[in-house]
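Trainee: Below is a structure I'd like to ask you about.
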Amino acid sequence: MTKWALLAGLFVFWSCAEQDQKQQTAFSLLSAEQTGISFENTLVERDSLNILDYLYFYNGGGLAVGDVNADGLPDVYATANMGPNKLYYNKGGFHFEEAPASAGVAGNSSWNTGAVMADVNADGLLDIYVCAVVGINGFTGGHELFINQGDGTFKEEAAAYGLDAQTYGTSAAFLDYDLDGDLDVYLLNHAVHTQGSFGRSSLREKRNEKTGDRLMRNDNGVFTDVSEEAGIFGGISSYGLGVAVADFNLDGYPDLYIGNDFHEDDYYYLNNGDGTFSEQLRDAFGHVSRFSMGNDAADINNDGRPDLITLDMLPEDETVVKASEGDENFQTQRMRLLQYGYHYQFSRNMLFLNQPDGSFIETALMSGVAATDWSWAALFHDFDQDGYQDLWISNGIPKRPNDLDFIRFLSAQAIDESRESKKLVDQKALDMMPSGAVSNKVFRGSASMQFTDQTQAWIGQDAQIAGATALADLDGDGDMDVISNALNAPLLVYRNDLDANGNYLQLELKGSAANPFAIGAKTYVYQQGKTYYKELYTARGFQSSSEPLIEFGLQDSSAIDSLVIVWPEGEAQVLKAVKPNQRLRINKNDETQQWTFSKSNHTTLFREASSELGLDYTHKEDNYLDFNRQKLLPYRLSDRGPAVAVGDWNNDGQQELFIGSSKFEEPALFELGERGMTKLETPLLAQDKVYEEVAAAFADLDGDGTEELILGAAGADFSGQAPALLERVLTADSEQSSVLEQTYSNASVVAPFDFDNDGDLDVFVGDYAVTNDFGKQPESYLLVNEGGALKRSVPAAFSSLGMVTDAIWHDFDQDGQKDLIVVGEWMAPVFLKVQAGSFTQVDPVKFNLNGLWQFILPFDIDADGDLDLVLGNWGLNAKFKASESEPLLMYYADFDNNGATETVLAQSRAGTYYPLLPLDELAGQMVSLKKKFPNFADFAGKSIEAVMGRDALESAKRFEVHQLASGYLRNDSGSYKFIPFGMQLQLAPLKDAVAFDFLNRGDDQLLLGGNYDGVIPFHGRYDSQPGTLILPGADPQIIWPQELQFLRKSLRHLELIKLGNKPYLLAVFNNDKTQIYEIRSYDKTN
């Protein structure tokens, strides 16, 4: 098989401009004539060397910026893949002069990649280290180290320093990982596709000298490979493209995040402080980028912890995204996770916020930075100097090798290679790949974790092919400029003109003798109650290094209260009353003190206590997969359990806890005692394992003083009048459950209440779906209690309630009579007023509020004395997008006339509605679409009307969602206005909440939880809701209790239980272990 055929067969794992003078932008793109930088990284495709032969052919060269001649101005060094590297001296005023050949930095390798400047020999002068690809495609040479001689010349001495690696090099990062005072180096390498590079994740554990990364320890000026003993992976599958260095866990030692392309997971190395690292990606990250490329670390929310972005290739353009390879299907993902041992990966950028407990929550979709196209370098910096980190992303590729029509063509040719000669096939394949020239992107940061796309206003929309990118204050005017190494075009030099109203502080640090540029220093600025934090590492983004300069943007022009420099060795130096808007040159002096590194200073509110209290129950979801039956479901319906209920079932004065199960598993019943809980052996539950309990409640239905257990069955697998869909009532003294006739449903809620005031409890049963016919309206109903017998009744007001997920009996109009409020998916909250045993629908909200509502709970969140209504929704950290003017749409019909219905989702882009899903997913259910759109290019960019047909859409039932944010209905004297929560509560679907005085201060607080993973890989995984406590008030306050273990778990229920007289928090999860927490403020309660 030829190399290009191998590329096609394995692709399932893979992944010049001139300024428009008429357009005024905040950055000015300077021409080569203006700067004097004529360097161009020109690629020449040949029959024997192109993207089909070398998959990283388009990755581009490297870039390094720093003051190599010590004249106070940063100079620029660029590497070329197929030509000589060049150094340009900064002469001031954005004028540069090319260094003569005698400088000795042109290099001798035939394929150069990343470049980094560092003072390798600690003489106070910046040296240049250049990586190369050697040993494939005829590439020769090796990594080169140009030692600065201080006279305008450099001497190549990589071999003398032990850095003359001959690997498939990507880049390098200098750091003092062992804190011995001198600089070590991490060498980032990349694999290429071979038969041996695909397989189980354990491939990373067998070292490969060409592809494996290397950690090189500085031993008195000579670098020693300590990768193996340090715990650094070096396998044949290490497709390293990004390296970020930061003290992520704030223990004083630098850690590493390595971005790997294709099927290999990223690596997250935590420094153990003893010369070794522990790889802890799975413990800290719920999911990562699939085709991980460049990355960057910075404190983006001003909490004093370094956060992280990783880049991928998800396009924003509708036509491009539908023509490009995206996420794998559900079955492939399961195989990769369960059989091959990889972590969750999704094809988009990821933005990770660092938490005090060492975990990360991921917000890129919500933050607006998930889709930036073929992205290489990410660089955080406060360009407009307003106190918040902005984001620059370099973009572009000459040809898109992930184009689906191109991939299909290669796959077909791989099967029949004899059709044409290789040369002709290769040329046709190259011609098929569309251009990937797109604009760089720049986003403005904010306090809300959201980034606003400022590309048009700040740099314009000119298409580029920009890779390695660096930051430097090229003109010394107090703000950072941007330089990119482009392909087949001169260097892109952007002058920053954004500083008119900003405030800043620049720090030029002079460290110890062995580390003169203080690489690894930490700096804190404290001003007007705000904290700003930065670390000094120059290797950032992609194949590049920036000027060794720290710059803070500041909101305030007043004096800085204090500036703290924590030198790499851990000693701190403090400066008081520092004036902003200046560059400070700070030498490490003797007036330092040892800095105390503290990972967290949060108050512990909870303590996990399941084992010691006797709670041992793990819910096991069954293997039924909804998407095999209805491929176009927006989410699973079969994973809504387990149910939970608390009551005195056996009338012994002690409460019992019931936790449901999935079908064919046994639910559990625990007795809640004085000091713990005991699991009860209950034959009645064991014999009913065919049922899947999703809803449950204890209630005294027959008035005998003993509570019965009402169970609502579901699971979205059984259909029609299958017995497993019947509701049941269990009594402690009965040998079998009482099955309620004609109650077949996928129940979501059972809510007892005497609605007709006849002295006995009735039950509302909410139904959320019709099995195998999603979109058909299920029928919710009442179980009316007639002398202890429950009779099914469907009031007229219930006839079209919708896909119900929750319901409460609540006096929403404050007339003394409890009414019924019902919420669900693809519907607005429904208010049913109860009068004389009948129901009338009223509308106290007065505006469109269709959502994907998950729960409702009364709670006085604004502390004004009346009860508001808290609503859990899908959240904003999702590919779903909706608003009142541009709602998310779902069409329901039998579109292909085969007797089975489908649901097709569409959402708006710039006023036009497009199918949400790609062609393969749609055609997997509706095969006729493959005939209508034989090529992916035919489908890409087509509106939903063009894809499905106007007549078909008009005859289909249409559902809408106007609001995806969770929030609350504020009670204004009986009328309600929806108030969305802040971004901290939009990270994932909120599934439940509980109100209690957790702080033991005399008023209730509200604890919320969620997360959900029942979606196809296209959507990703909603795993970033850590559990959130709201303190009520006019301006409600938010606390994230770090001791709650909710991250990456799909919560279903929160309950308060009592053991003895002491309250505990119960958290019940789908397909995971149930947890119980001691509430620490009640430690001494008897």
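For what it's worth, our numbering labels the leading residue of the sequence shown as 1, then goes sequentially. Every residue, glycine too, gets a C-beta built ideally from N, C-alpha and C.
Using 8 Å for Cβ pairs, my map puts Met449 next to Met366. What's the rounded Cβ distance?
Mentor: Locating residue 449 in the sequence shown gives position 449, where the first residue counts as 1. Locating residue 366 in the sequence shown gives position 366, where the first residue counts as 1. Yes, Met449 and Met366 are in contact; Cβ-Cβ is about 7 Å, under 8 Å.
Trainee: Can you give me the C-alpha to C-alpha distance between Tyr257 and Thr592, rounded to a whole angstrom?
Mentor: In the sequence shown, counting from the first residue as 1, residue 257 sits at position 257. In the sequence shown, counting from the first residue as 1, residue 592 sits at position 592. Rounded to whole angstroms, Tyr257 to Thr592 spans 30 Å at the Cα level.
Trainee: Between the alpha carbons of Ala447 and Trp649, how many angstroms are there, rounded?
Mentor: Counted from its first residue, the sequence shown places residue 447 at position 447. Counted from its first residue, the sequence shown places residue 649 at position 649. Using only the alpha carbons, I get a separation of about 50 Å.
Trainee: Is Glu741 buried or exposed, if buried means 16 or more other CB atoms sit within 10 Å of its CB?
Mentor: To locate residue 741, count along the sequence shown from 1; it is residue 741. Exposed: under 16 other Cβ atoms inside 10 Å.
Trainee: Could you tell me how far apart the beta carbons of Val44 and Asn85 are, in whole angstroms, since I believe they sit closer than 8 Å?
Mentor: In the sequence shown, residue 44 corresponds to position 44, counting from 1. In the sequence shown, residue 85 corresponds to position 85, counting from 1. Rounded, the Cβ-Cβ distance is 17 Å, inconsistent with contact.
Trainee: Measure the Cβ-Cβ separation of Ala724 and Ala713 and say whether it is below 8 Å.
Mentor: To locate residue 724, count along the sequence shown from 1; it is residue 724. To locate residue 713, count along the sequence shown from 1; it is residue 713. Cβ distance < 8 Å, so Ala724 and Ala713 count as in contact.
Trainee: Distance, Cα to Cα, Val1068 vs Val870?
Mentor: Here residue 1068 refers to the residue found at position 1068 of the sequence shown. Here residue 870 refers to the residue found at position 870 of the sequence shown. Taking the straight line joining both Cα atoms gives about 20 Å.
Trainee: Distance, Cα to Cα, Asn1070 vs Asn848?
Mentor: Here residue 1070 is taken as the residue at index 1070 of the sequence shown, counted from 1. Here residue 848 is taken as the residue at index 848 of the sequence shown, counted from 1. If you take the alpha carbons of Asn1070 and Asn848, they lie about 31 Å apart.
Trainee: Beta-carbon within less than 6 Å of Asn301's beta-carbon, same chain only, minus the 5 sequence neighbours each way: which residues are those?
Mentor: Along the sequence shown, one-based indexing puts residue 301 at 301. Within the same chain, Asn301 has no close Cβ partners at all.
Trainee: Near Asn271, which residues of its chain fall below 7 Å by C-beta distance, leaving aside the five closest residues on each side in sequence?
Mentor: Locating residue 271 in the sequence shown gives position 271, counting from the first residue. Taken in chain order, the residues that qualify are Tyr177, Tyr253, Pro254, Asp255, Phe277.
Trainee: Under the rule that 16 or more other beta-carbon atoms within 10 Å means buried, what is Asp819, buried or exposed?
Mentor: Numbered from its first residue, the sequence shown carries residue 819 at position 819. It is buried - the Cβ of Asp819 has at least 16 other Cβ atoms within 10 Å.
Trainee: Less than 8 Å between the beta carbons of Glu608 and Pro642, yes or no?
Mentor: Residue numbering aside, residue 608 sits at position 608 when the sequence shown is read from its first letter. Residue numbering aside, residue 642 sits at position 642 when the sequence shown is read from its first letter. Their beta carbons are not under 8 Å apart, which means Glu608 does not touch Pro642 by this criterion.
Trainee: Touch check for the segment 962-974 and the segment 867-885: three-plus C-beta pairs under 8 Å?
Mentor: These segments touch.
Trainee: What are the start and end residues of the alpha helix (DSSP H) that includes Asp938?
Mentor: Locating residue 938 in the sequence shown gives position 938, where the first residue counts as 1. Segment 936-939, the alpha helix (DSSP H) holding Asp938.
Trainee: Less than 8 Å between the C-beta atoms of Gly234 and Asn208, yes or no?
Mentor: Position 234 of the sequence shown, counted from the first residue, corresponds to residue 234. Position 208 of the sequence shown, counted from the first residue, corresponds to residue 208. Yes, these two residues count as a Cβ contact at 8 Å.
Trainee: Going by C-alpha to C-alpha distance, which of Ser558, Glu569, Gly570 sits closest to Lys576?
Mentor: Walking along the sequence shown from the start, residue 576 turns up at place 576. When only C-alpha atoms are compared, the closest one is Ser558.
Trainee: By DSSP's criteria, Ser545 is part of a beta bridge. Which residues make up the other side?
Mentor: Against the sequence shown, residue 545 aligns to sequence position 545. Ser545 is bridged to Ala64, Ala539.
Trainee: Would you give the residue range spanned by the alpha helix (DSSP H) that Gly924 belongs to?
Mentor: In the sequence shown, residue 924 corresponds to position 924, counting from 1. From DSSP, the alpha helix (DSSP H) with Gly924 extends over 919-925.
Trainee: Give the DSSP bridge partners of Tyr340, in chain order.
Mentor: Walking along the sequence shown from the start, residue 340 turns up at place 340. Its beta-bridge partners do not exist; DSSP assigns none.
Trainee: Thinking C-beta only, is Ala172 closer than 8 Å to Val116?
Mentor: Looking up residue 116 in the sequence shown gives position 116. Looking up residue 172 in the sequence shown gives position 172. Yes.
Trainee: With three or more beta-carbon pairs closer than 8 Å as the criterion, would you say the segment 989-1005 touches the segment 1044-1059?
Mentor: Yes: at least three Cβ pairs fall under 8 Å.
Trainee: Under three-state DSSP, which class holds Leu953?
Mentor: Residue mapping note: residue 953 aligns to position 953 of the sequence shown, counting from 1. Helix.
Trainee: Does the distance from the C-beta atom of Ala103 to that of Leu87 stay below 8 Å?
Mentor: Stepping through the sequence shown from its first residue, residue 103 is reached at position 103. Stepping through the sequence shown from its first residue, residue 87 is reached at position 87. A contact, by the Cβ cut-off of 8 Å.
Trainee: Considering only residues of the same chain and omitting the five flanking positions on each side of Asn581, which have a CB-CB separation below 8 Å?
Mentor: One-based indexing of the sequence shown puts residue 581 at position 581. Taken in chain order, the residues that qualify are Gly478, Asn503, Tyr504, Leu505, Ser557.
Trainee: Would you mind stating whether Phe597 and Leu250 have Cβ atoms separated by less than 8 Å?
Mentor: On the sequence shown, position 597 is the one that residue 597 refers to. On the sequence shown, position 250 is the one that residue 250 refers to. Yes, these two residues count as a Cβ contact at 8 Å.
Trainee: Excluding sequence positions up to five away, which residues of its chain have a Cβ less than 6 Å from the Cβ of Lys522?
Mentor: Here residue 522 corresponds to residue number 522 of the sequence shown, with the count starting at 1. Taken in chain order, the residues that qualify are Glu535, Val566.
Trainee: Between Phe291, Leu637, Val134, Gly83, which has its C-alpha nearest Gln854's C-alpha?
Mentor: Residue 854 sits at position 854 when you count from the first residue of the sequence shown. Nearest of Phe291, Leu637, Val134, Gly83 to Gln854, Cα basis: Leu637.
Trainee: For Ala101, does the three-state DSSP call read helix, strand or coil?
Mentor: Against the sequence shown, residue 101 aligns to sequence position 101. Ala101: helix per DSSP, three-state reduction.
Trainee: Since Ser908 is in the beta strand (DSSP E), which residue starts that stretch and which ends it?
Mentor: Numbered from 1 along the sequence shown, position 908 holds the residue referred to as residue 908. Ser908 -> beta strand (DSSP E) spans 902-909.
Trainee: Are Pro829 and Ile861 touching if we call contact CB-CB under 8 Å?
Mentor: Residue 829 sits at position 829 when you count from the first residue of the sequence shown. Residue 861 sits at position 861 when you count from the first residue of the sequence shown. No, these two residues do not count as a Cβ contact at 8 Å.
Trainee: Taking the continuous alpha helix (DSSP H) assigned at Phe330, which residues delimit it?
Mentor: For the purposes of this step, residue 330 is taken as the residue at position 330 of the sequence shown. Per DSSP, Phe330 belongs to the alpha helix (DSSP H) from 330-334.
Trainee: For Glu666, which of Ala807, Asp688, Gln1005, Glu279 has the nearest alpha-carbon?
Mentor: The residue labelled residue 666 in the question sits at position 666 within the sequence shown. Cα-wise, what sits closest to Glu666 is Asp688.
Trainee: Would you kindly work out how many angstroms separate the C-alpha atoms of Leu669 and Tyr617, rounded to a whole number?
Mentor: The residue labelled residue 669 in the question sits at position 669 within the sequence shown. The residue labelled residue 617 in the question sits at position 617 within the sequence shown. About 10 Å.
Trainee: Measuring CB to CB, does Ala364 end up less than 8 Å from Met350?
Mentor: Residue 364 sits at position 364 when you count from the first residue of the sequence shown. Residue 350 sits at position 350 when you count from the first residue of the sequence shown. Yes, Cβ-Cβ distance for Ala364 and Met350 is below 8 Å.
Trainee: Would you mind reading off the limits of the alpha helix (DSSP H) that contains Met948?
Mentor: Counting from 1 along the sequence shown, the entry for residue 948 is found at position 948. Per DSSP, Met948 belongs to the alpha helix (DSSP H) from 944-948.
Trainee: Grouping DSSP H, G and I as helix and E and B as strand, with all else coil, what is Trp458?
Mentor: In the sequence shown, residue 458 corresponds to position 458, counting from 1. It is helical.
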